[in-house]
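Per my numbering: the sequence shown = residues 26 to 292.
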Amino acid sequence: MSAEGVTVRSLLKKKREGKKITMISTYDYLSARLCQQAGIDCILVGDSLGMVFQGLDTTLPVTVDEMVYHTKAVRRGARESFIIVDMPFMSYQVSIEEALKNCGRVIKETGANAVKIEGGEEVAELIHRLVSMGIPVVGHIGFTPQSIHALGGYRVVGRAEEATRVREDFRAIEDAGAFMVVLESVPKDLAKEITENSRAITIGIGAGPYCDGQVLVFYDLVGLVEEIKPKFVKRYVEGARIFREAIKRFIEEVEGGVFPSEVESYG
Ligand code: KIV
26 MSAEGVTVRS LLKKKREGKK ITMISTYDYL SARLCQQAGI DCILVGDSLG
76 MVFQGLDTTL PVTVDEMVYH TKAVRRGARE SFIIVDMPFM SYQVSIEEAL
126 KNCGRVIKET GANAVKIEGG EEVAELIHRL VSMGIPVVGH IGFTPQSIHA
176 LGGYRVVGRA EEATRVREDF RAIEDAGAFM VVLESVPKDL AKEITENSRA
226 ITIGIGAGPY CDGQVLVFYD LVGLVEEIKP KFVKRYVEGA RIFREAIKRF
276 IEEVEGGVFP SEVESYG
């Protein structure tokens, strides 16, 4: 499906029709343009940009200003796409009023279509308020990177007795009005059960094949992130190797006097 004309309604229709929904998390003009040209359904401007783009150890230091900056660039590259902005750590936890202001700001200043908020029951009231103000909300449960310290590091969330909590969190944010929920690092059978009993769209990352859709980070998908490769990441091209070889050839050609040639020179 072309990215043109993607709306909350068209995404929910896809779920009802059993058609898979595609999402890529990215942070810049050029990659967003490629995503739109390829026909992706949604672009998430994820706070993973803190780690992938800025080289930080966690997503925690990312600010609202940085999310606004990156989302504006993504919107310029993908004018027709359905764009979701990740609300960064502590931009929505302090009070409902501050959260409404921050979410309102990113929607007003960036032209994004929806906000994403991590958490379960504890963010249900906020989701309800945002939805009643006309801001579409995407939830995010299972492994929630902003709670990395509380969760004790990266891990699967929802095995054994933790499954009940994941089910309850999903129900709470769905009932509050989230039209879509990211399930991160959740056992595949739990993701299947949740998806089959949900009105909201489920988007999996490390949650198996049964979700309504899937999300990957652009830089993982194109193989530019080499240091870590979680089990759920699939590299569709070995980007880092290809780019490194191109850079090596540039160095060789400059050092060897081959580049620039007449072709790249002005008369
Ligand atoms: O920040 C991000 O990119 C995300 C996705 C991986 C779901 O939250």
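For each residue, glycine too, the CB sits at the ideal point set by N, CA and C.
Exposed unless 16 or more other CB atoms sit within 10 angstroms - verdict on residue i
{"i": "GLN62", "result": "exposed"}
{"i": "GLU232", "result": "At residue 232 the sequence reads Ala, which differs from the Glu that was named. It counts as buried."}
{"i": "SER286", "result": "exposed"}
{"i": "SER73", "result": "buried"}
{"i": "PHE168", "result": "buried"}
{"i": "TYR117", "result": "buried"}
{"i": "TYR244", "result": "buried"}
{"i": "ILE272", "result": "exposed"}
{"i": "LEU246", "result": "buried"}
{"i": "ASP335", "result": "In the structure as shown, the chain begins at 26 and stops at 292. Residue 335 is therefore absent and cannot be evaluated."}
{"i": "ALA185", "result": "exposed"}
{"i": "LEU69", "result": "buried"}
{"i": "ASP111", "result": "buried"}
{"i": "GLY144", "result": "buried"}
{"i": "PHE275", "result": "exposed"}
{"i": "PHE268", "result": "exposed"}
{"i": "ILE253", "result": "exposed"}
{"i": "SER35", "result": "exposed"}
{"i": "SER290", "result": "exposed"}
Contact test: residue i Cβ vs ligand 3 heavy atom, cutoff 6 Å
{"i": "ILE230", "result": "In the structure on display, ligand 3 does not appear, and the ligands it does have are ligand 1."}
Which residues DSSP lists as bridging residue i, in chain order
{"i": "GLU187", "result": "Answer by DSSP bridge pairing: none, since GLU187 is not bridged."}
{"i": "SER362", "result": "Outside the displayed span of the chain (26 to 292) sits residue 362, for which this structure offers no information."}
{"i": "THR227", "result": "VAL206"}
{"i": "ILE108", "result": "ILE68"}
{"i": "VAL143", "result": "A small fix is needed here, since residue 143 is Glu in this sequence, not Val. According to DSSP, which records beta bridges pairwise, GLU143 is partnered with HIS165."}
Pair within 7 Å by beta-carbon distance, residue i and residue j
{"i": "THR96", "j": "ALA124", "result": "no"}
{"i": "ALA197", "j": "LEU215", "result": "no"}
{"i": "GLU270", "j": "GLY248", "result": "no"}
{"i": "HIS165", "j": "VAL207", "result": "yes"}
{"i": "ILE226", "j": "LYS40", "result": "yes"}
{"i": "VAL163", "j": "ILE109", "result": "yes"}
{"i": "VAL131", "j": "VAL191", "result": "no"}
{"i": "ASP53", "j": "ALA103", "result": "no"}
{"i": "GLY202", "j": "ILE160", "result": "no"}
{"i": "ARG154", "j": "ILE121", "result": "yes"}
{"i": "VAL211", "j": "GLY183", "result": "yes"}
{"i": "ILE173", "j": "THR88", "result": "no"}
{"i": "TYR235", "j": "LYS259", "result": "no"}
Spatial neighbours of residue i in its chain, beta-carbon cut-off 6 Å, leaving aside the 5 residues before and after
{"i": "ALA265", "result": "GLY248, LEU249, GLU251"}
{"i": "PHE114", "result": "LEU85, GLN171"}
{"i": "GLU134", "result": "VAL93"}
Contacts around residue i, its chain only, beta-carbon distance under 7 Å, and the 5 residues preceding and following it disregarded
{"i": "PRO255", "result": "GLY231"}
{"i": "ARG224", "result": "GLU199"}
{"i": "VAL242", "result": "SER50, GLY71, SER73, VAL77"}
{"i": "GLU146", "result": "GLU193, ASP194, ALA197"}
Beta-carbon proximity list for residue i, same chain, < 8 Å, skipping 5 on both sides
{"i": "GLU150", "result": "ILE121, ALA201"}
ask   = Can we say the stretch 76 to 91 touches the stretch 29 to 48, given the rule of at least three CB pairs closer than 8 Å?
value = no
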